[in-house]
Amino acid sequence: MTLHAALRVDRGTFRLDLTLTVEPGEVVALLGPNGAGKTTALRAVAGLLPVDAGQVRLDEEVWDEPPTVFVPPERRGVGVVFQDYLLFAHLSVLENVAFGPRARGMDRAGARERARSWLERVGLADRAAARPRALSGGQAQRVALARALVTEPAVLLLDEPLAALDASTRLHVRSSLGHHLAEYGGRTLLVTHDPLDAMVLADRIVIVEHGQVVQQGAPAEVARRPRTDYVATLVGLNLYRGLASGTTVRLADGGRFTVAEPAAGPVHVAFPPSAVGLHPEPVAGSPRNSWPVTVADVEQHAHTVRVRLAGNPPVLADVTPAVVAELRLSPGRPLWAAVKATEVITYPA
Amino acid sequence: MTLHAALRVDRGTFRLDLTLTVEPGEVVALLGPNGAGKTTALRAVAGLLPVDAGQVRLDEEVWDEPPTVFVPPERRGVGVVFQDYLLFAHLSVLENVAFGPRARGMDRAGARERARSWLERVGLADRAAARPRALSGGQAQRVALARALVTEPAVLLLDEPLAALDASTRLHVRSSLGHHLAEYGGRTLLVTHDPLDAMVLADRIVIVEHGQVVQQGAPAEVARRPRTDYVATLVGLNLYRGLASGTTVRLADGGRFTVAEPAAGPVHVAFPPSAVGLHPEPVAGSPRNSWPVTVADVEQHAHTVRVRLAGNPPVLADVTPAVVAELRLSPGRPLWAAVKATEVITYPA
Amino acid sequence: MRRPTRGRVPLLVALPSLVGLAFLLVPLVGLLARAPWSTLGTRLVGPEVGQALLLSLTCASLATVLCLVLGVPLAWLLARTELPGRGVLRALVTVPLVLPPVVGGVALLLVLGRRGLVGQYLHDWFGVSLPFTTAGVVVAEAFVAMPFLVIAVEGALRAADPRFEEAAATLGATRWVAFRRVTLPSIMPGLVAGTVLCWARALGEFGATITFAGNFPGRTTTMPLAVYLALETDPGAAIALSIVLLVVSVAVLVSLRDRWIGGAP
Amino acid sequence: MRRPTRGRVPLLVALPSLVGLAFLLVPLVGLLARAPWSTLGTRLVGPEVGQALLLSLTCASLATVLCLVLGVPLAWLLARTELPGRGVLRALVTVPLVLPPVVGGVALLLVLGRRGLVGQYLHDWFGVSLPFTTAGVVVAEAFVAMPFLVIAVEGALRAADPRFEEAAATLGATRWVAFRRVTLPSIMPGLVAGTVLCWARALGEFGATITFAGNFPGRTTTMPLAVYLALETDPGAAIALSIVLLVVSVAVLVSLRDRWIGGAP
Amino acid sequence: SPEPAAGGEVVVFAAASLTETFTELGTRFEDANPGTTVTVSFGGSSGLATQIVEGAPVDVFASASPATMDQVVEADAVSGKPAVFARNALEIAVPAGNPGRVTGLADFGDEDRTIALCAEQVPCGAAARQALASAGVAAKPDTLEQDVRAVLTKVELGEVDAALVYHTDVLAAGDEVEGIALPESAAAVNDYLVATLAEAPNPDRAAAFVAFVRSEQGRSVLADAGFQAP
Ligand SMILES: Nc1ncnc2c1ncn2[C@@H]1O[C@H](COP(=O)(O)OP(=O)(O)OP(=O)(O)O)[C@@H](O)[C@H]1O
Ligand SMILES: Nc1ncnc2c1ncn2[C@@H]1O[C@H](COP(=O)(O)OP(=O)(O)OP(=O)(O)O)[C@@H](O)[C@H]1O
Ligand code: MOO
Ligand SMILES: [Mg+2]
Ligand SMILES: [Mg+2]
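Chains as they are written, first to last, in this note's numbering: chain A, 1187 to 1535; chain B, 1187 to 1535; chain C, 10 to 274; chain D, 10 to 274; chain E, -4 to 225.
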């Protein structure tokens, strides 16, 4: 049974208009900037917000179809992890997790049993008796996760389920979440900001901007061939639109590139920041692109330094700390950027 | 004026006991796993929680010293961004940001002016009239950021200020936050899960586990020489403790390494996952470590694949997708891990 | 805790709150000062006082239960649904509050009395007659006290975040389960406040009770009725009875509230 | 919205809430059925009715203001501080509720009367005498109505998340500013509920008023007192007066609440 | 502040059962004494007595029972001696049509009939007890009301089959209530007393008003309402 959702929702000046399908066992990640409508889409699928037009159905079981059908959330068999947890403050952690099984008719002992085993899975068995207010932010998020998963819903909706977890716990919970998703065979819709979470957990990524789908596909495909600036920044690629003619691409916003494979018509041009070399003087040599730039911004990452460069076109470069010292990189410094033609990917726009 | 905080706080079974100093213009990041006590420390500095013992002072201006002195938060000149925003639901976004200046005595027009300019800085000028409930999660977080920064406090406390921001906005807000921190010359204490945020924004990183400081230092220093598993995972290094004798280190939990520089006594041994080679058969050759491992977990990241390997010792390896295909990596697969001695760093434990 | 978490109570709050407290309590002091202490014991012997007190507590508690059963759903309806004319309905709920209690009693007689709109059928078909019975006392008290419960609970419901009900729904809870297991506990402080108001108002009810249920010792003579009648002949006894009523009600409220709201802040 | 956001109202809520609504409103129907419609106009002419109505509205409103000024800080004190004996204090606040209103009036006389504990000094030193004046009506109504405000507001305060006050404090707000600009707006539904209860109770107050302030037309004869007097001579007129009181109070509440709470859910 | 003797305000506290007559008397007194206003505060006699004892600024007190007047006298709040200015006799009141077919006081002992009486603490209750005792009836009342008005309401609405009220009340109630005269009523008469008060702000006018109540004109107003002469 496949989840089909054709969602149109109007909220003030904002309009959400997108179509989604999620197959059994499939994990679809909804990725998009703040305010893109990810949470709105998730609420519409959960039944917390009726759609204004369109349809939500699980195969032949119609959940929402104006103006006739509207199945309330408690009869949809969905599990939701909310962005700000929404744990019940008056119940203990264990009772929070046992709430779903209880509400679906399980007896108290059985529900607690189930809840306890889930708390173990998320590593919080020892906090079972605590109140949500006494939990740290990350602990609360893990309880919310357990609470949604314990009912083994047909559709699992996760709104930034890992956002509040720290790096070390995240690794663990992410992989155990991955295992569980693989196990239960349901349909998962995952809203996240973190491209890594999406890449690791999702079978398919749907990129939403301004309430609309701008790109979708397998994680590797999206990562390799971003179609908007947002996606490019997300996956850490330099991305430009241009018009190809042979091995030359004239960029829409100024600048030109020489590429390895000849093409024609509108194309995307992409290359990773690590492919960019920085030099104090212009560099010569066959199939190589080189143009003057100015340092806008320097950020030290764990192992590399990312340099934002203004120019025609602007570009991101990843360099080693040694290069930073050698070139005395600091905002305002004029340099030359160079990219080998073989490093530049082009694909139809 | 330096912020000195010697904090002892008891919360049920949990005890926070740490000492912090933050110089003017300095940004100190508090990094630690969920439940480590980061938020508790921040609340104690803000004056939202009195310390049970110790002292909080800004140079000679004592803020908290039991049993005599306790300066309430509104007279401490601190700005706080809370983990779950705490925007005032009945005020518009603009009024939320203008709240601080108003409370500190500025006239309405001036306060709104200031608020408006800050909303522009965080890219939300067009949402000024909205209510917090109509904001998306990330938008709300940015309003909270603006609200805390607009009063230009002597001490700025940030509890995961960037956690809810999406990747593209994050880059922008992070760098503008960096600029502002550099500008205002105050003392900043930043709680975060994200080592990248800490590395980029902080001058000094303080690692907290179980309510205590386990390591501190400049970001590069911490990244290069982690002292606990948590820190190692955080910065993406393999880390072990062992006993060195010449160029051989016998690990505490089993296994041994040959290293390049001779040492003696207890040491930490560290190397990045990218230094690990994976082979179907044992590999020979001078100064090289090689041992049998089994694949536990494979995670696809944007550009590389991280493989978790069980063995003696267990180890993380970063490999290319090509290697994954070639070796048919999947959980349970037996392999040999190899690390060149020159890639292994040792430092006293 | 050793020191206050957040400084001292500001004068602008402390001053009026103390004046307010004095305003509510000084009259009580006046009563205590005038109480016939020397003869208090002898005035309070006799079975009537105990009888009236027991009747008062019983009827007020039953009326409160009735109000809870009918009033909490009504409050929910007013707070959480999009009924047309909700504003007018909400105002109409306050009618029994504004009505002078004696008129309220008359209104009840007009409806539930032997010849009342509804009462005549109750009487003819089921042989049930509410006036001059203990059940009538409960009905009169519930009529007068219910608005307090409804309005207080509605206010609490409006202040509660409805997204928790949404979370419960996604966990499979019907509206009823979500209401009972999520909403109700989260509005507990407001509900307790409303219940206290309701119970206390029912306990102090006089006008509607005497008009609708009459006054017969052991059956419908609650403490306020006893007090009122004592006032006619023996103000000292009336004050003594009032003090008994107050002491008992304060004791009940102190012990119950501690149990209901536990160690909450 | 085209369809309800979350299904229908469950029967378990709908049924009791409708019974509750009927219980509160049917007696009103009884009054309307018995109202002397044919002579209603002539019974309500004469300046007395208008005078009494105006006096009622004025006094109830002034009493409500007095209750807000004194009662909201008191509620805050009870909800947010660690006063010793807070539980007992909270129960004592309900005293005027449990006290039969006539006894409350006597208590006020004992304290604020010309010979009262406090009143004698007010009279001797300042020449102020509250009983039998319009100010006395306000005092009597405030005494009876204040507990409703205090308890409803305290309930709302307990349900409000104190961390928003913390956030305000870190922004430089004193407790007072945080209270006024953050807490107060966030408890608005509870505060409105309490104010409505308080105002309505003050409007319907009879026993304490007639005892403490007497019954002087134009000065202390509020609508409930006028109803009481009419009942002595002309029950039809009493019902007519009650209906006038109800219509006016419902109209006031409908128009004010819409303004106060706006389009909130 | 006391006004000149010729005019000013006379403040009168009068029992609620005197509402109609004292309103009428007040108007007539004002007509007869231009420049004088009569302000009457009606209420339960004992409540009024309490108010006077607590210092209410009143000129005249008209009480519905000797007991309540005694409270005021004991507090030394009366100037001179209270005088009886009217009397009221009990009567059986039944709803229009007499559905309970009540014929006399004997029916008050019938368990099956619904009977209302005044509580013994109020004057009409004391009088009723006296009447029933002298008739030798062991009454089985269902309710003991706080005042005559409440009893009358129950009769008017048909909630009780019979009750004992004052003759004046039966007259005032009109068509909805029928009265059955009592032979024993001679034994059940209640006295109404009037007095000027010691702290009267306007003692002269107070005395004049009391005299007016007791005058021929006053008596005829009271007689019209059904009161007996003292
Ligand atoms: N109740 C509402 N009334 C009006 N507009 C709303 C409401 N709720 C959300 N919006 C608007 O709808 C848009 C989409 O919001 P949504 O919460 O779905 O975004 P999101 O993609 O989840 O963002 P984030 O990643 O920041 O959580 C936003 O522009 C938001 O301002
Ligand atoms: N009110 C409280 N009562 C009892 N224990 C508490 C309370 N608040 C927090 N704790 C406990 O104190 C510890 C530290 O919590 P804190 O919120 O400071 O962690 P944190 O480092 O901020 O974690 P996170 O990164 O998940 O937000 C936790 O173990 C938590 O359970
Ligand atoms: O006239 Mo009275 O004092 O109500 O019996
Ligand atoms: Mg969202
Ligand atoms: Mg925290």
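Backbone N, C-alpha and C define an ideal beta-carbon position, used for all residues, glycine too.
Starting from the Cα of residue i, find the closest Cα among the options and give me that residue.
i	options	result
B:Val1481	B:Pro1412, B:Trp1522, B:Ala1191 and B:Val1445	B:Trp1522
A:Ala1446	A:Gly1440, A:Asp1345 and A:Val1455	A:Val1455
B:Glu1485	B:Val1421, B:Gly1324 and B:Val1510	B:Val1510
A:Tyr1271	A:Ala1315, A:Leu1348, A:Gln1401 and A:Gln1398	A:Leu1348
A:Gly1422	A:Thr1205, A:Pro1381 and A:Thr1434	A:Pro1381
D:Phe215	D:Leu49, D:Leu234, D:Leu117 and D:Leu71	D:Leu234
E:Asp219	E:Ser60, E:Ala81 and E:Val6	E:Ala81
C:Leu240	E:Glu194, E:Ala62, E:Ala145 and E:Leu20	E:Ala62
D:Leu6	D:Ser70, D:Leu254 and D:Gly55	As shown, chain D starts at 10 and ends at 274. That puts residue 6 of chain D outside it, with no answer to give.
E:Val6	E:Leu43, E:Glu15 and E:Asn93	E:Leu43
D:Arg167	D:Gly145, D:Phe141, D:Phe152 and D:Leu200	D:Leu200
Based on the DSSP secondary-structure assignment, which residues constitute the bridge partners of residue i?
i	result
B:Lys1526	B:Arg1474
A:Ser1462	Looking at the sequence itself, residue 1462 of chain A is Val, so the reference to Ser does not match. Answer is A:Val1525.
E:Asn185	E:Asn83
B:Pro1534	B:Val1453
B:Thr1480	B:Ala1496 and B:Pro1520
E:Tyr161	E:Leu85
A:Ala1215	A:Leu1376 and A:Ile1391
How many angstroms separate the CA atom of residue i from the CA atom of residue j?
i	j	result
A:Arg1410	A:Pro1459	13 Å
C:Val104	B:Pro1252	55 Å
E:Ala84	E:Ala130	15 Å
D:Cys68	D:Val147	5 Å
B:Val1248	A:Asn1475	60 Å
D:Val257	E:Asp107	43 Å
A:Thr1419	A:Arg1494	12 Å
B:Val1214	B:Ala1404	9 Å
A:Gly1286	A:Gly1309	19 Å
A:Ala1384	A:Ile1391	7 Å
A:Leu1513	A:Asp1504	14 Å
E:Pro118	E:Ala27	33 Å
D:Ala154	D:Cys76	8 Å
B:Ser1472	B:Ala1388	In this prediction, B:Ser1472 scores a pLDDT of 49, lower than 50, which makes its location untrustworthy; the coordinate-derived value is nonetheless stated afterwards. Looking at the two C-alpha atoms, the distance is approximately 41 Å.
C:Leu296	D:Thr218	Nothing can be reported for residue 296 of chain C: it is not among the residues displayed for chain C, which extend from 10 to 274.
D:Val28	C:Thr230	28 Å
A:Val1530	A:Phe1443	9 Å
B:Ala1239	A:Ala1314	30 Å
A:Arg1328	A:His1365	16 Å
E:Thr138	D:Pro110	22 Å
Below 5 Å from a heavy atom of ligand 2 - residues by beta-carbon: Listed by position in the chain, the residues whose beta carbon lies within less than 5 Å of some heavy atom of ligand 2 are A:Ala1320, A:Ser1322, A:Gly1323, A:Gly1324, B:Arg1197, B:Gly1198, B:Phe1200, B:Asn1220, B:Gly1221, B:Ala1222, B:Gly1223, B:Lys1224, B:Thr1225 and B:Thr1226.
List, from N- to C-terminal side, the beta strand (DSSP E) runs of 3 residues or more that fit wholly inside the segment 1224 to 1287 of chain B. 1239 to 1244, 1247 to 1251 and 1264 to 1267
Length at least 4, wholly inside the segment 179 to 242 of chain C: the alpha helix (DSSP H) runs in chain order: Correct list: 184 to 187, 197 to 213, 216 to 222 and 232 to 242.
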